[in-house]
Amino acid sequence: MTARLPSLLLLLILLAGWEGWCRFGGLSPLVLPPPSAVLATLGGEIASGRLWPHLAVTAAEMGLGLGIGALVGLGTGILLAEVPALSRLLRPYVLASQLVPKLALGPLFIIWFGFGMTPTIVITALICFFPLMETTLTGLGEVDAARRDLFRMLGASRLQTLLRLKLPAALPVIMAGLRVAVVLALVGAVVGEFIGGRSGLGASIIAAQSVMDSSLIFALFIVITALGMLLYEAVRLVERRVLHRFSKG
Amino acid sequence: MPTDPPPTDPSAPGFVAIERAGYRYEAGGPAVVDGVDWAIPRGEIHCLLGRSGCGKTTLLKLAAGLLLPSEGAIRIAGEALRGPSPRAGFVFQAPTLLDWLSALDNVLLPVSLKRRPTAAERAAARDLLARVGLADLAERRPRELSGGQRSRVAVARALIGAPDLLLLDEPFAALDALTREELQDDLLRLCALHGTTALFVTHDIGEAVYLGDRVAVMAGGRLTQARRIALPRPRPPALRYTPVFAAACRALREAMDGEAGPASRRPAA
Numbered sequence: 001m002t003a004r005l006p007s008l009l010l011l012l013i014l015l016a017g018w019e020g021w022c023r024f025g026g027l028s029p030l031v032l033p034p035p036s037a038v039l040a041t042l043g044g045e046i047a048s049g050r051l052w053p054h055l056a057v058t059a060a061e062m063g064l065g066l067g068i069g070a071l072v073g074l075g076t077g078i079l080l081a082e083v084p085a086l087s088r089l090l091r092p093y094v095l096a097s098q099l100v101p102k103l104a105l106g107p108l109f110i111i112w113f114g115f116g117m118t119p120t121i122v123i124t125a126l127i128c129f130f131p132l133m134e135t136t137l138t139g140l141g142e143v144d145a146a147r148r149d150l151f152r153m154l155g156a157s158r159l160q161t162l163l164r165l166k167l168p169a170a171l172p173v174i175m176a177g178l179r180v181a182v183v184l185a186l187v188g189a190v191v192g193e194f195i196g197g198r199s200g201l202g203a204s205i206i207a208a209q210s211v212m213d214s215s216l217i218f219a220l221f222i223v224i225t226a227l228g229m230l231l232y233e234a235v236r237l238v239e240r241r242v243l244h245r246f247s248k249g
Numbered sequence: 001m002p003t004d005p006p007p008t009d010p011s012a013p014g015f016v017a018i019e020r021a022g023y024r025y026e027a028g029g030p031a032v033v034d035g036v037d038w039a040i041p042r043g044e045i046h047c048l049l050g051r052s053g054c055g056k057t058t059l060l061k062l063a064a065g066l067l068l069p070s071e072g073a074i075r076i077a078g079e080a081l082r083g084p085s086p087r088a089g090f091v092f093q094a095p096t097l098l099d100w101l102s103a104l105d106n107v108l109l110p111v112s113l114k115r116r117p118t119a120a121e122r123a124a125a126r127d128l129l130a131r132v133g134l135a136d137l138a139e140r141r142p143r144e145l146s147g148g149q150r151s152r153v154a155v156a157r158a159l160i161g162a163p164d165l166l167l168l169d170e171p172f173a174a175l176d177a178l179t180r181e182e183l184q185d186d187l188l189r190l191c192a193l194h195g196t197t198a199l200f201v202t203h204d205i206g207e208a209v210y211l212g213d214r215v216a217v218m219a220g221g222r223l224t225q226a227r228r229i230a231l232p233r234p235r236p237p238a239l240r241y242t243p244v245f246a247a248a249c250r251a252l253r254e255a256m257d258g259e260a261g262p263a264s265r266r267p268a269a
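Line order of the protein sequences matches chains A and B.
Taking the UniProt record's numbering as reference, the numbering of the first sequence is continuous, increasing by one, and the terminal residue is 249.
Taking the UniProt record's numbering as reference, the numbering of the second sequence is continuous, increasing by one, and the terminal residue is 269.
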């Protein structure tokens, strides 16, 4: 706690500065609402219960998108690492699919999947896919030659070499990819809702914008940031557990 | 699956027979190992001595079946190698332990890749760890062990399946002199225990003389010298500092200077 004290102090100073600027700087609350107003709005949203359904929708989209994207990315990474011929064949296409701005695919996904959670989940999954695939491919490729020789010497099958040598050895790299994916998942979910969402935190931002309620927009920023930090910390926790198990020290 | 060896022919050249073995990374490229003939009788320890890049590691990998010879053949108990030999244990230059397993589980790895280790096998692994002086450190992870201790675990792992043949690729090169001497003594003791045949690659003349029944000198992919080391067994640690030992080292060194292959023929790898 004492280690976090300076960060907390800095937050208080920044908030006080912001509040002072809004009160004495003659700034319109429409442009920049003071933190006190933002907090009041946030409190109101929480108290009225309007916030929870939106939070649940965004969290679900983020979680599902991250889960699907990460699993498919991990699977593709393993497949491409294990079958170099397939990797040579597909790499350009995989890369191209990632260079297409995925948010620009939003309107297309709305045509395909309709409004609602599905297009946002697909966009989030597409975004999360790449860091997992890339890090899995890199991690599996970096297992050193002597250890691979050891497994050959011991007569290990290909699956055994993958499960008992390559994947555990690659875990730190793969987990780093997962952390990147968490951050991207939040962006994917919120921005995906900008395009096609009817509910969720991103859709609420668009709704607040249409009525020029900037203090609600700020309140939603806080909720989104908190959601992201929560999920990031959860992944860090999983990472520490997994790494402790698989490559201590 | 290992099959029973054919009845040993008394006229057979040796338990391990390397017959005019050659290896090139690509067809038509330079030979890294060039027409090597060598035989190791059962139970003997032979050392392969040479500078870095002389092809000795490649020759060792050929003997292990990790590489297949471009020319010639490698036979273990009369049977030509066609892949990694299940009868051989290999100790690499680096300990190559799995960081996420305890020392005990690392020693048990060769077993656990085939089946769930039995209580007897776990006891055998603990016994091996005790024999290399790590009885109390069985539950430690590799990161919590010193370099010498990791090398000991690697030697124990190579011996868990009671292999007929032990192949070692400069396993102690990165250790300090005292630890290296201790490990050499451990190795000699363990090999004597089951009459294990061993091929030990090193660039250290003293190590080759201390461990070997026979020492082959390699240069430019060929064996240029072979000497029998006429020192008695078991060899006590103090032997290293006797005049006989020093004389054997000097003789070997002079032989290397006299007949080392021309530098220009040394392959890059």
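For every residue, glycine included, the Cβ atom is placed at its ideal position computed from N, Cα and C.
Starting from the beta carbon of residue i, find every residue of chain A whose beta carbon is closer than 8 Å, and list them in chain order.
i: residue 92 of chain B; result: 146, 149, 150
i: residue 128 of chain B; result: Those within 8 Å of residue 128 of chain B in chain A number zero; the least Cβ separation is about 16 Å.
i: residue 69 of chain B; result: Simply none; closest approach about 17 Å.
Taking Cβ-Cβ distances shorter than 8 Å, what residues in chain B pair up with residue i?
i: residue 168 of chain A; result: 98, 100
i: residue 245 of chain A; result: 100
i: residue 155 of chain A; result: 84, 86, 113, 114
Please state whether the Cβ-Cβ distance between residue i and residue j is less than 8 Å.
i: residue 135 of chain B; j: residue 129 of chain B; result: yes
i: residue 120 of chain A; j: residue 173 of chain A; result: no
i: residue 45 of chain B; j: residue 16 of chain B; result: no
i: residue 21 of chain B; j: residue 66 of chain B; result: no
i: residue 190 of chain B; j: residue 139 of chain B; result: no
i: residue 188 of chain B; j: residue 172 of chain B; result: no
i: residue 226 of chain B; j: residue 214 of chain B; result: yes
i: residue 229 of chain B; j: residue 216 of chain B; result: no
i: residue 291 of chain B; j: residue 102 of chain B; result: Beyond the ends of chain B as shown, which are 1 and 269, falls residue 291 of chain B; an answer cannot be given.
i: residue 49 of chain B; j: residue 208 of chain B; result: yes
i: residue 58 of chain B; j: residue 91 of chain B; result: no
i: residue 155 of chain B; j: residue 132 of chain B; result: yes
i: residue 253 of chain A; j: residue 195 of chain A; result: Because chain A is modelled from 1 through 249, residue 253 of chain A falls outside the range shown and cannot be assessed.
i: residue 101 of chain A; j: residue 214 of chain A; result: no
Along chain A, in chain order, which residues have C-beta atoms closer than 7 Å to that of residue i?
i: residue 177 of chain B; result: Within 7 Å Cβ-Cβ: nothing; residue 177 of chain B doesn't reach chain A, min ~24 Å.
i: residue 110 of chain B; result: 154
What is the DSSP secondary structure of residue i, reduced to helix, strand or coil?
i: residue 45 of chain B; result: strand
i: residue 103 of chain A; result: helix
i: residue 111 of chain A; result: helix
i: residue 53 of chain B; result: coil
i: residue 134 of chain A; result: helix
i: residue 82 of chain A; result: helix
i: residue 27 of chain B; result: coil
i: residue 273 of chain B; result: Residue numbering for chain B in the displayed model covers 1 to 269; residue 273 of chain B lies beyond these limits and cannot be assessed.
i: residue 123 of chain A; result: helix
i: residue 118 of chain A; result: helix
i: residue 68 of chain A; result: helix
i: residue 230 of chain B; result: coil
i: residue 223 of chain B; result: strand
i: residue 236 of chain A; result: helix
Strictly below 9 Å CB to CB, what residues from chain B border residue i?
i: residue 209 of chain A; result: Neighbours of residue 209 of chain A on chain B: none; closest Cβ ~50 Å, over 9 Å.
Determine the chain B residues that contact residue i at a beta-carbon separation under 7 Å, and present them in chain order.
i: residue 160 of chain A; result: 113
Please compile the residues from chain A whose C-beta is within a distance smaller than 9 Å of the C-beta of residue i.
i: residue 66 of chain B; result: 149, 152, 153
**Item:** Touch test, the region 190 to 209 of chain A against the region 128 to 142 of chain A, Cβ-Cβ under 8 Å, three pairs minimum
**Value:** Too few Cβ pairs lie closer than 8 Å, so no.
**Asked** Contact between the region 193 to 202 of chain B and the region 150 to 166 of chain B: three or more CB pairs below 8 Å?
**Response** They touch, by the three-pair rule.
**Minimum length 4: unbroken alpha helix (DSSP H) runs contained in the region 148 to 225 of chain A** = DSSP runs (the alpha helix (DSSP H)) wholly in the region 148 to 225 of chain A: 158 to 161, 167 to 196, 201 to 210.
**Asked** Would the region 127 to 134 of chain A and the region 64 to 83 of chain A be scored as touching if the rule is three or more Cβ pairs under 8 Å?
**Response** The region 127 to 134 of chain A is in contact with the region 64 to 83 of chain A.
**Message:** So within the region 135 to 212 of chain B, which uninterrupted beta strand (DSSP E) runs reach at least 3 residues, ignoring any that extend past its ends?
**Reply:** The beta strand (DSSP E) runs of length 3 or more contained entirely in the region 135 to 212 of chain B are, from start to end of the chain, 165 to 169, 197 to 202.
**Length at least 4, wholly inside the region 71 to 133 of chain B: the alpha helix (DSSP H) runs in chain order** = Here the runs fully enclosed are 103 to 112, 119 to 131.
**Asked** Whole beta strand (DSSP E) runs in the region 1 to 51 of chain A with 3 or more residues, listed along the chain?
**Response** Counting only runs of 3 or more, we get nothing.
**Asked** Taking three-plus beta-carbon pairs below 8 Å as touching, is the region 146 to 165 of chain A in contact with the region 86 to 103 of chain A?
**Response** No, the region 146 to 165 of chain A does not touch the region 86 to 103 of chain A.
**Asked** Counting pairs of Cβ atoms below 8 Å between the region 97 to 114 of chain A and the region 50 to 69 of chain A, do you hit three or more?
**Response** At 8 Å Cβ cutoff, the stretches do not touch.
**Message:** Under 8 Å, with one C-beta from each stretch per pair, do the region 31 to 51 of chain A and the region 216 to 223 of chain A reach the 3-pair mark?
**Reply:** As far as the Cβ criterion goes, the region 31 to 51 of chain A touches the region 216 to 223 of chain A, which means the pair count is three or higher.
**Message:** For the structure I just gave you, are there three or more beta carbon pairs, one from the region 27 to 42 of chain A and one from the region 90 to 100 of chain A, closer than 8 Å?
**Reply:** The region 27 to 42 of chain A is not in contact with the region 90 to 100 of chain A.
**Cβ contact check for the region 224 to 244 of chain A and the region 173 to 192 of chain A: 3 or more pairs under 8 Å** = In this structure the region 224 to 244 of chain A touches the region 173 to 192 of chain A; the number of beta carbon pairs closer than 8 Å is three or more.
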